[in-house]
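Numbering (my numbering), first residue to last: 139 to 794. We treat Cβ as the ideally placed atom computed from N, Cα and C, and that holds for glycine.
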Amino acid sequence: MALVCVCASALPGAGTERGPKPRGSAARTVVDAPESEARVIVKYKRDAVLMRAASAANAPAQHAQVLSARLGLTLTDGRTIGSDMQVLKARGLGSKALADRLAAQDDVEFAVVDGRKHALAVPNDPLYAASASTNPTVGQWYLRPPTSATIVDATSVVSAINAEGAWAITNGKRRVVVAVLDTGVRLDHPDLAPKLRPGYDFIGNVPTANDGSGRDSDPSDPGDGVTSADVGVISGCTTAEIGSSTWHGTQTAGLIGAATNNGIGMAGAGRDVMLLPVRVLGKCGGFDSDIQAAMLWAAGLSSTPTANPYPAKVINLSLGSTGVCSDSYRQVIQQLNAAGVVVVVAAGNEGVAVGTPANCPGAIAVAGVRHAGTKVGYSDLGPEVAIAAPAGNCVNLSGNCLFPLLTTSNSGDIAPVAGEAGAIYTDTGANASLGTSFSAPLVSGTVGLMLSANPTLTPAQVLEKLKATARPFPATGAGPGVTACTAPTSVAQGSECYCTTSTCGAGLLDAGAAVANAAILNANIDTATTSVGLATPIAVDGGSSSAAAGRTVIGYAWSVVSGTDVAALTSANNAASATLQFSAYGSATVQLTVTDDAGATDTTQVVLTAPSPVITPPASSGDGGGGGGALQLGWLFAWLVGVGATALVTPRRSRR
Numbered sequence: 139m140a141l142v143c144v145c146a147s148a149l150p151g152a153g154t155e156r157g158p159k160p161r162g163s164a165a166r167t168v169v170d171a172p173e174s175e176a177r178v179i180v181k182y183k184r185d186a187v188l189m190r191a192a193s194a195a196n197a198p199a200q201h202a203q204v205l206s207a208r209l210g211l212t213l214t215d216g217r218t219i220g221s222d223m224q225v226l227k228a229r230g231l232g233s234k235a236l237a238d239r240l241a242a243q244d245d246v247e248f249a250v251v252d253g254r255k256h257a258l259a260v261p262n263d264p265l266y267a268a269s270a271s272t273n274p275t276v277g278q279w280y281l282r283p284p285t286s287a288t289i290v291d292a293t294s295v296v297s298a299i300n301a302e303g304a305w306a307i308t309n310g311k312r313r314v315v316v317a318v319l320d321t322g323v324r325l326d327h328p329d330l331a332p333k334l335r336p337g338y339d340f341i342g343n344v345p346t347a348n349d350g351s352g353r354d355s356d357p358s359d360p361g362d363g364v365t366s367a368d369v370g371v372i373s374g375c376t377t378a379e380i381g382s383s384t385w386h387g388t389q390t391a392g393l394i395g396a397a398t399n400n401g402i403g404m405a406g407a408g409r410d411v412m413l414l415p416v417r418v419l420g421k422c423g424g425f426d427s428d429i430q431a432a433m434l435w436a437a438g439l440s441s442t443p444t445a446n447p448y449p450a451k452v453i454n455l456s457l458g459s460t461g462v463c464s465d466s467y468r469q470v471i472q473q474l475n476a477a478g479v480v481v482v483v484a485a486g487n488e489g490v491a492v493g494t495p496a497n498c499p500g501a502i503a504v505a506g507v508r509h510a511g512t513k514v515g516y517s518d519l520g521p522e523v524a525i526a527a528p529a530g531n532c533v534n535l536s537g538n539c540l541f542p543l544l545t546t547s548n549s550g551d552i553a554p555v556a557g558e559a560g561a562i563y564t565d566t567g568a569n570a571s572l573g574t575s576f577s578a579p580l581v582s583g584t585v586g587l588m589l590s591a592n593p594t595l596t597p598a599q600v601l602e603k604l605k606a607t608a609r610p611f612p613a614t615g616a617g618p619g620v621t622a623c624t625a626p627t628s629v630a631q632g633s634e635c636y637c638t639t640s641t642c643g644a645g646l647l648d649a650g651a652a653v654a655n656a657a658i659l660n661a662n663i664d665t666a667t668t669s670v671g672l673a674t675p676i677a678v679d680g681g682s683s684s685a686a687a688g689r690t691v692i693g694y695a696w697s698v699v700s701g702t703d704v705a706a707l708t709s710a711n712n713a714a715s716a717t718l719q720f721s722a723y724g725s726a727t728v729q730l731t732v733t734d735d736a737g738a739t740d741t742t743q744v745v746l747t748a749p750s751p752v753i754t755p756p757a758s759s760g761d762g763g764g765g766g767g768a769l770q771l772g773w774l775f776a777w778l779v780g781v782g783a784t785a786l787v788t789p790r791r792s793r794r
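Below, the structure written as structure tokens:
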């Protein structure tokens, strides 16, 4: 078994930039009580009597008078929202009661409370904001909005992820669980204790576990500090790994989901998402077999050793080693993705090619960038990277770090200091948090928010949205001597460089934009088959289209927008699925528009092609060097009977 090490460790010689310590305003719907006036948003059915009359008169949807007579209420017209939606107001009853009565009308497609939004302050966690009284004085710079899009001077914060923009949409849902597969978590840290689901310790090797037992139900971190005595006892452990405990899992957990807006400590990127601590790393790392077993258990795909009552939708792996993706990791990640679980992995800290399991298909590999948005010297790089996020950097080669990633930790050297006495936060000094191990949790927390806003997103959709909303890397301004990052080689790129999309992923993580994109309606077309004959119908299915949290897809509209001379719908065009049939060879573009109960629409297309068959005549059976021969009738008859066009599916999206 390969021994997998914590990604916060960097090999000596990774470059001149200081890196990890070497060892081997939001908005929320508020219900105002009591209500002085009920307010409801109403959408009318397009074929409703009310709408036909309004359309004939070319008038906006203003139907308070008619509905007042029907309901025996005094309704007043509010503003219109498009051609078939309006606000209706009333006194003497609550908004919810009015919405229920309006929704029961035959003319009404839906009626929802016109809720009030209030701007809320940023979290009240004292370490969140920049302050001369905190250490670091920049506070949680990495969660705030960037100060600029380009590098203006040495203090420009370009790579901050704008978690505030994401929190304006959702604070996260407790039903969303992010598993932290790491060294375990200090369960007694007051900024983590309220956020933890019951986890498990998967370390089977007792000396590595450092807790007197093998696998058990206690995922707390007893410390992973290595002494010279450990080197002689633990197989594969070297003197290079001698050092203090890292409290690595406690640090990654805090970045993902520390208790937020609780008046103490720090804020977590995922705010209200829950954490599942799963211990897979101990003294000198952990074994692949333990990690992979833990991945399956965390996702609820294995009941060994016991069933997990809180399956994770996101798994954070701030760990890795050099090498290619093994078949076992490949298979496990494939299983997780198929079950709808997103796997986020730190790229690594050697300044070389991305290691494993970050380089596995289906994993979201995260590179590390400096506050300025340039690649931090120690971060691994390459085409396997999906996206980049802050990793912490010092700017200076000596003295205290200026831009570390503040997070939860413990004050113990080898063994933990129990309770609040040992509950600390990393700072700018010797315990500064630096590394791609801490970039990945920012992505995991963001994904948790995305799934809170839209729980139907698949891992592929999450990745697509992270990439589509990433901000561009800066290409100038970092100072003399800084050049573009190049493809990785065996020689570490240990100095700052300008990221490219082939070395550091699609761009800089933008949590606000990613969650906003997740919270919208998504039209999606699945095809039942990719091969049909001319006389065989092909099914297209929009049932996997998804709406944002709290909304529902209520309408489907299918159409053939090109290729109507060769194909046509043979079914109803307003159901979740439809059927198309080709009458001649060629291509046809099928379009699906979906509508949710808030009136939002989204459109996607798929191109189906029925190609003409390629006719290959048989070799001539004529004699000698004559010129050609006749086609055999048997072959010609077989071709005429068996000819069938295959439909090749090429997806294409358009966003409305």
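Residue range of the alpha helix (DSSP H) that includes residue i
i: PRO626; result: That residue, PRO626, is in no alpha helix (DSSP H); it is neither H nor E in DSSP.
i: MET588; result: 577 to 591
i: THR293; result: Careful: THR293 lies outside any alpha helix (DSSP H) and carries neither H nor E.
i: GLU247; result: Premise fails: GLU247 lies in the beta strand (DSSP E), 246 to 251, not in any alpha helix (DSSP H).
i: THR467; result: The sequence shown places Tyr at residue 467, rather than the Thr named in the question. Where TYR467 is concerned, the enclosing alpha helix (DSSP H) stretches over 465 to 476.
i: LEU236; result: 233 to 241
i: GLN599; result: 597 to 606
i: SER366; result: 366 to 369
i: ALA176; result: Premise fails: ALA176 lies in the beta strand (DSSP E), 176 to 182, not in any alpha helix (DSSP H).
i: PRO345; result: 344 to 347
i: ALA713; result: Where ALA713 is concerned, there is no enclosing alpha helix (DSSP H), given that its DSSP letter is neither H nor E.
Beta-carbon spacing of residue i, residue j below 8 Å
i: THR621; j: ALA391; result: no
i: GLY363; j: LEU587; result: no
i: LEU226; j: VAL180; result: yes
i: VAL523; j: ALA553; result: no
i: LEU544; j: MET404; result: yes
i: VAL470; j: PRO597; result: no
i: ASP354; j: GLY322; result: no
i: ALA491; j: PRO336; result: no
i: ALA616; j: LEU572; result: no
i: VAL411; j: GLY395; result: yes
i: ALA450; j: VAL315; result: yes
Residue i, DSSP secondary structure in three states
i: ASP170; result: Because ASP170 sits at a pLDDT of 34, beneath the cut-off of 50, its placement in the model cannot be relied upon, and the following sentence gives the value as read from the coordinates. In this structure, ASP170 counts as coil in the three-state DSSP scheme.
i: ASP518; result: coil
i: VAL698; result: strand
i: THR390; result: helix
i: ASN655; result: helix
i: GLY210; result: coil
i: LEU769; result: Note that LEU769 scores a pLDDT of 32, beneath 50, so its modelled location is shaky; the value from the coordinates is reported in the next line. It is coil, neither helix nor strand.
i: PRO158; result: coil
i: GLY724; result: strand
i: ASP426; result: helix
i: PHE775; result: Note that PHE775 scores 35 on pLDDT, short of 50, meaning its location in the model is unreliable and no value can be drawn from it.
i: GLN719; result: strand
i: GLY650; result: helix
Whole-Å CB distance - residue i paired with residue j, under 8 Å assumed
i: ALA527; j: LEU604; result: 10 Å between Cβ atoms; not a contact.
i: GLN200; j: ASP185; result: Not quite, the Cβ-Cβ distance comes to about 18 Å (not below 8 Å), so this is no contact.
i: TRP696; j: VAL732; result: Not quite, the Cβ-Cβ distance comes to about 10 Å (not below 8 Å), so this is no contact.
i: ASP679; j: ALA714; result: 7 Å
i: PRO612; j: ILE289; result: 5 Å
i: VAL462; j: ASN487; result: Contact flag wrong, Cβ pair sits at about 18 Å.
i: VAL691; j: ASP734; result: 6 Å
i: GLY493; j: ALA630; result: So it is not a contact: roughly 13 Å between Cβ atoms.
i: PRO357; j: ARG417; result: 5 Å
i: TYR182; j: ASP244; result: The Cβ separation is near 10 Å, so there is no contact.
Enclosing beta strand (DSSP E) for residue i [first to last residue]
i: GLN224; result: 223 to 228
i: ALA317; result: 315 to 320
i: ALA301; result: No beta strand (DSSP E) holds ALA301; the alpha helix (DSSP H) holding it covers 301 to 305.
i: PRO415; result: 412 to 417
i: GLN200; result: Premise fails: GLN200 is in no beta strand (DSSP E) and is neither H nor E.
i: PRO528; result: 523 to 528
Beta carbon proximity, residue i to chain B, threshold 8 Å
i: ALA304; result: Here there is only one protein chain, and chain B is not present.
- Query: Is it a yes or a no for the stretch 271 to 287 touching the stretch 359 to 374, going by three-plus beta-carbon pairs under 8 Å?
  - Reply: No: fewer than three Cβ pairs fall under 8 Å.
- Query: So does the stretch 297 to 310 actually touch the stretch 368 to 388, counting three or more Cβ pairs closer than 8 Å?
  - Reply: No, the stretch 297 to 310 does not touch the stretch 368 to 388.
- Counting pairs of Cβ atoms below 8 Å between the stretch 482 to 489 and the stretch 601 to 617, do you hit three or more? Result no; under three Cβ-Cβ pairs closer than 8 Å.
- Message: Contact between the stretch 636 to 648 and the stretch 309 to 318 is defined here as three or more beta-carbon pairs at a separation below 8 Å; is this criterion met?
- Response: Output reads no: the stretch 309 to 318 does not touch the stretch 636 to 648.
- Task: Check whether the stretch 741 to 748 touches the stretch 699 to 709, counting contact only when three or more Cβ pairs, one atom from each stretch, lie closer than 8 Å.
- Result: Judged by Cβ distances under 8 Å, the stretch 741 to 748 makes contact with the stretch 699 to 709, as three or more pairs qualify.
- Message: Is it the case that the stretch 427 to 436 contacts the stretch 551 to 570, given that we only count it when at least three CB pairs across the two stretches are under 8 Å?
- Response: Segment contact: the stretch 551 to 570 against the stretch 427 to 436, fewer than three CB-CB distances shorter than 8 Å; contact not assigned.
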